[in-house]
Each structure stands twice: as structure tokens, then as C-alpha cells.
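*Asks:* Here it is, the structure in full.
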Amino acid sequence: MTHEHTPQRPATEMFEPDAWQDRYSGDGTIWSGNPNAQLVAEASRFTPGTALDVGCGEGGDVIWLARQGWTVTGADFSANGLARAARHADEAGVTDRVQWWQVDARSFDPDGLTYDLVTTHFLHPPDGGMVDVTRRLAGAVAPGGHLLVVGHAPSAVFTQLSESHRRAMFLAEELVPALPAEFEVLAAEERPRTMTRDGVTMDVHDATLLARRRP
1 MTHEHTPQRP
11 ATEMFEPDAW
21 QDRYSGDGTI
31 WSGNPNAQLV
41 AEASRFTPGT
51 ALDVGCGEGG
61 DVIWLARQGW
71 TVTGADFSAN
81 GLARAARHAD
91 EAGVTDRVQW
101 WQVDARSFDP
111 DGLTYDLVTT
121 HFLHPPDGGM
131 VDVTRRLAGA
141 VAPGGHLLVV
151 GHAPSAVFTQ
161 LSESHRRAMF
171 LAEELVPALP
181 AEFEVLAAEE
191 RPRTMTRDGV
201 TMDVHDATLL
211 ARRRP
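In terms of the UniProt record's numbering, the sequence shown opens at residue 1 and continues consecutively.
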């Protein structure tokens, strides 16, 4: 559900599970396998407990958290993505600390389950949908736990994207109203980062919302 897309499909379809099933159907690795920068920056300061990573893709963040001592559930709406993540977790030797959940973040319901850390990186549902997703994810945070939501902030560097994909980007402060009253905002900001895509290095900003649910 990230903002990237290929020319073969209309932009609107690229937000849907079938497009990501196709993308994850080949043999080649899509992502680097490295943990996302804001996750490392924030979660390194927390005492490991239980974690939920929504939109986990190939499992890079799940594996990193497991290696830090967390018990992690990786969630994604692509079965092929989850299969890749499970394979990578097995190769990393962390299968005893991870489990998998196929679910669409747009209809996610924790159904009473809570976690010490709920995180999502570069999940970009269309038409401002990240506000509702943030509200849903907040419901899975245990008292005293943290919610970390990171995405691409709007930027002129993403010139190749369609208008629908640019609209799916967000600023961290736009997500704050989705937080229930028992949450305190620890950070709602755009953090600079250098990234390389298709051989091109560019300066971008990660929209970063970090909040804590009061005990």
C-alpha cells in the first residue's frame, strides 16, 4: 500500500492487494531488508516486549525487532509478501519470535489484542486514508505502549508519481486528531533523510508520529 507503482496498472489499483500480490510474486527481492531508520531511532530506546508491524512487506522491520528481543507480529494484506517475510525470518533464525497476520490496514480491528509497540512504515492508503488507519492502530496499543507511524511527507522530489499517489502522502500533524484522548504525542514532525531509488539519491522527509498511551 505504499506510494510506488508500475506503469502497467492504473494508479488507483496500486493501492489494492492484487497489485502487491503481483509485485511479490517474483523471485527478486523488492526491498533492502534493512530496518527503517525511524524505527531504529525510536525502538532502540524501548524495553523489548510485544510488537505489531502493520504493512510489514518482506519483513525487514519484523526481523530487526525480533533480533532486539521483541516478540513480533508482522501484518500485511499480501499473502505473497507474508510468505517472503516468513522465509526471510527463517533465514535470519528468528522464527521463534515472530508470527504473521494477513489483514488490510484499512479494515484492521485488533479485537482486544494489544501490543507494547505498534508500528507502520510507508503505508499510504489513498485519499487521506492514513488518518483512519492511525485511529485503528491506536486501538492495538497497550497501556504504557507506543505507536509509531512513519510515511513519506509530500515532496517535490517525487515528480514521477501520479496525483493520487501524491495525495496519499501525509504530514505527521495531520494524524494527531486520530489519536484517542489517552495518548500523549511525543513527536509529530518531518525528519530529513537521504534515500536512493533506482540509482538516484534524493533528500526526503519522513512524516513521523510517535505517541504513547498513558498507563
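Idealized CB from N, CA, C, for every residue including glycine.
Taking buried to mean at least 16 other C-beta atoms within 10 Å of its own C-beta, is Gln8 buried or exposed?
*Replies:* Confidence is the limiting factor: at Gln8 the pLDDT is only 41, short of 50, which leaves the residue's position unreliable and the question unanswerable from this model.
*Asks:* Exposed or buried, which one is Gly60 when buried takes at least 16 other CB atoms within 10 Å?
*Replies:* Label assigned to Gly60: buried.
*Asks:* So what does DSSP say about Trp64, is it helix, strand or coil?
*Replies:* Note: Trp64 maps to helix in three-state DSSP.
*Asks:* I want to know whether the segment 176–190 touches the segment 116–125 - three or more CB-CB distances under 8 Å.
*Replies:* Not touching, per the Cβ criterion.
*Asks:* Measure from the alpha carbon of Glu58 to the alpha carbon of each residue in Trp101, Gly139, Leu147, then state which is nearest.
*Replies:* Checked all of Trp101, Gly139, Leu147; the closest Cα to Glu58 is Trp101.
*Asks:* On the premise that Trp70 lies in contact with residue 216, defined as a C-beta separation below 8 Å, what is that separation, rounded to the nearest angstrom?
*Replies:* It is not possible to answer for residue 216, since the shown part of the chain is limited to 1 through 215.
*Asks:* Going by the DSSP bridge assignment, what does residue 260 pair with across the sheet?
*Replies:* There is no way to answer for residue 260, as the model of the chain reaches only from 1 to 215.
*Asks:* Would you check whether the ligand ADP has a heavy atom nearer than 8 Å to the C-beta of Ser155?
*Replies:* Ligands displayed in this structure: none; no statement on the ligand ADP is therefore possible.
*Asks:* Taking the straight line between their C-alpha atoms, what separation do you get for Asp76 and Val98?
*Replies:* Using only the alpha carbons, I get a separation of about 14 Å.
*Asks:* Please report how far the alpha carbon of Arg135 lies from the alpha carbon of Ala83, in whole angstroms.
*Replies:* Roughly 27 Å between the two C-alpha positions.
*Asks:* Can you name the start and end residues of the alpha helix (DSSP H) that Gly151 belongs to?
*Replies:* Run containing Gly151: none in the alpha helix (DSSP H); it sits in the beta strand (DSSP E), 141–152.
*Asks:* For His121, name the three-state secondary structure that DSSP assigns.
*Replies:* Reduced to three states, the DSSP call for His121 is strand.
*Asks:* Would you mind reading off the limits of the beta strand (DSSP E) that contains Asp53?
*Replies:* Here the beta strand (DSSP E) through Asp53 covers 50–54.
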